[in-house]
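J.: The structure's right below; bear with me while I get my questions together.
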Amino acid sequence: MAILTMTILSILATIYMLRMQSVKLHHMVESHNNVLVSVLQKNGGVEEVQSKYLVPGDVIVLSEKKFFLPCDAMLISGGESVPITKVSLPNVDNEIPWKTYTGENCRAHILYCGTEVVKTKPPTDGLVKAVVLKTGFNTAKGDLVRSIMYPKPVIFKLHREVSKVLVGLIGLSIFGVIYSVVLNAYSGATVRELVIMVLVMATVAIPVSLPPSLTICTLYSQARLKKQGIFCISPQRIILCGQLNVVCFDK
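According to mature numbering (1 follows the signal peptide of the UniProt record, and there is no 0), the sequence shown holds residues -20 to -1, 1 to 231 in order.
See below:
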């Protein structure tokens, strides 16, 4: 009964922690989709719209105040000098020049989703303009969030070896249960005693309390990471991270 209770509690705790981490991640991403963006109209006017209504091809006006970009966009006028240099596309004889710039040669012209624009340098007309390239999960940040929410399955060598050991233990347990039942049945044991003997043999051969114990340890590690502002919605990775000595972060 204690093992069953521990298993149920560990499952419920895992579901609760994963749910809370997913909700917090959703709120962090959603904050960039609820901002007002200035969109340049065909008649030359500027209209304020919600960033979630942006579509590729829209021309947005970047203000001089600090803000977070809600999409991947390519500069067509203006730019910034610090902390990262961004310049507009060169003048070319093409109505849609941003479609001809792809790959590594366009990084200096692209502002990525989630980028904090701290300073802009407007051209002579006073407007810093950019063309929306990608929105939502199609952006560079969206691709990162998608990889966090739906990570690729990780199969550890230890898990494969443990599975083989468990198969052997199950076979040994079945043999021991059959032997014990037959031996005790000939000795005149009652049904209740036989059931207890079967449960004892099964729990001795197969460590049923091991998975809940490992889950509790993982949840404790996840709670400690949460206090440091590190979110994890794939607890299996925590076991892998325990083998790391050095972690390097970009920027």
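Here a beta-carbon is modelled for each residue, glycine too, at the ideal position from N, C-alpha and C.
#1: Let me make sure I understand the geometry here. Which of L42, P36 and L49 has the alpha-carbon closest to that of V26?
#2: The alpha helix (DSSP H) spanning E173 covers which residue range?
#3: May I ask you to verify whether the region 35 to 51 touches the region 110 to 118, counting CB pairs closer than 8 Å and requiring at least 3?
#4: Is I90 buried or exposed, if buried means 16 or more other CB atoms sit within 10 Å of its CB?
#5: For P215 and G116, I'd like the C-alpha separation in whole angstroms.
#6: Could you please give me the residues that DSSP links to V226 through a beta bridge?
#7: Just curious, the alpha helix (DSSP H) that S189 is in, first and last residue?
#8: Report the partner residues of L16 according to the DSSP bridge assignment.
#9: Please classify M54 as buried or exposed, where buried requires at least 16 other C-beta atoms within 10 Å of its C-beta.
#10: Could you give the first and the last residue of the continuous beta strand (DSSP E) run that contains I40?
#11: May I ask you to verify whether the region 184 to 192 touches the region -15 to -1, counting CB pairs closer than 8 Å and requiring at least 3?
#12: Taking the alpha helix (DSSP H) that V125 belongs to, which residues open and close that run?
#13: Mind checking whether V128 and I196 have CB atoms under 8 Å apart?
#14: Beta strand (DSSP E) containing C113: first to last residue?
#15: Taking Cβ to Cβ, would you say V157 is nearer than 8 Å to V178?
#16: On the DSSP bridge list, what partners appear for G96?
#17: May I ask you to report which of helix, strand or coil DSSP gives I135?
#18: Once the 5 residues before and after L107 are set aside, which same chain residues still bring their CB inside 6 Å of it?
#19: Given a threshold of 16 other Cβ atoms within 10 Å of its Cβ, counted over all protein chains shown, does H16 qualify as buried or as exposed?
#20: Of all Cβ atoms in chain E, is any one closer than 8 Å to the Cβ of L199?
#21: If you measure between the beta carbons of D52 and T100, is that distance less than 8 Å?
#22: What would DSSP say about I219, mapped onto helix, strand or coil?
#23: Taking the alpha carbon of G122 as the point to measure from, which residue in L(-3), G222, P50 and Q208 has its own alpha carbon closest?
#24: Whole angstroms are fine: how far does the CA of I56 sit from the CA of V97?
T.: Here's the rundown:
#1: Here residue 26 refers to the residue found at position 46 when the sequence shown is read from its first residue. Nearest of L42, P36 and L49 to V26, Cα basis: L42.
#2: Sequence index remark: in the sequence shown, residue 173 carries index 193 (1-based). From DSSP, the alpha helix (DSSP H) with E173 extends over V171 to A185.
#3: yes
#4: Sequence index remark: in the sequence shown, residue 90 carries index 110 (1-based). With 16 or more other Cβ atoms within 10 Å, it is buried.
#5: Position 235 of the sequence shown holds residue 215. Position 136 of the sequence shown holds residue 116. For P215 and G116, the distance between alpha carbons rounds to 26 Å.
#6: As a working mapping, residue 226 is identified with position 246 in the sequence shown. Answer is none; V226 lacks a bridge partner.
#7: Here the question's residue 189 lines up with position 209 in the sequence shown. Looking at the DSSP string, S189 is not in any alpha helix (DSSP H), and its letter there is neither H nor E.
#8: Along the sequence shown, read from residue 1 onward, the residue named residue 16 stands at position 36. Paired residues: Q30.
#9: Within the sequence shown, the letter at position 74 stands for residue 54. M54 is buried by the Cβ-count criterion.
#10: Stepping through the sequence shown from its first residue, residue 40 is reached at position 60. Note, I40: beta strand (DSSP E), V39 to L42.
#11: The answer is yes - the region -15 to -1 touches the region 184 to 192, with three or more Cβ pairs under 8 Å.
#12: Along the sequence shown, read from residue 1 onward, the residue named residue 125 stands at position 145. A120 to M129 is the span of the alpha helix (DSSP H), which, as asked, contains V125.
#13: By one-based count along the sequence shown, residue 128 stands at place 148. By one-based count along the sequence shown, residue 196 stands at place 216. This sequence places Ile at residue 128; Val is not what is there. Not in contact: I128 and I196 (Cβ atoms no closer than 8 Å).
#14: Mapped onto the sequence shown, residue 113 falls at position 133. Reading off the sequence, residue 113 comes out as Leu, not Cys. Note, L113: beta strand (DSSP E), V108 to K114.
#15: As a working note, residue 157 is residue 177 in the sequence shown. As a working note, residue 178 is residue 198 in the sequence shown. Result yes, Cβ atoms of V157 and V178 sit closer than 8 Å.
#16: Stepping through the sequence shown from its first residue, residue 96 is reached at position 116. Sequence inspection shows Glu at residue 96; the Gly mentioned does not correspond to that position. DSSP lists F48 as partners of E96.
#17: Within the sequence shown, residue 135 is the residue found at index 155, counting from 1. In the structure shown, I135 sits in coil (DSSP, three-state: anything other than H, G, I, E or B).
#18: For the purposes of this step, residue 107 is taken as residue 127 along the sequence shown, with counting starting at 1. These residues qualify, in order along the chain: V41.
#19: The count along the sequence shown starts at 1 and reaches residue 16 at position 36. According to the sequence displayed, residue 16 carries Leu and not His. It is exposed - the Cβ of L16 has fewer than 16 other Cβ atoms within 10 Å.
#20: Protein chains in the displayed structure number just one, and chain E is not present.
#21: Along the sequence shown, one-based indexing puts residue 52 at 72. Along the sequence shown, one-based indexing puts residue 100 at 120. With a cutoff of 8 Å on beta-carbon distance, D52 and T100 are scored as not near each other.
#22: To locate residue 219, count along the sequence shown from 1; it is residue 239. Of the three classes helix, strand and coil, the one that applies to I219 here is helix, per DSSP.
#23: Locating residue 122 in the sequence shown gives position 142, counting from the first residue. The residue with the shortest Cα to Cα distance from G122 is P50.
#24: Residue 97 sits at position 117 when you count from the first residue of the sequence shown. Residue 56 sits at position 76 when you count from the first residue of the sequence shown. Approximately 16 Å, taken between the alpha carbons.
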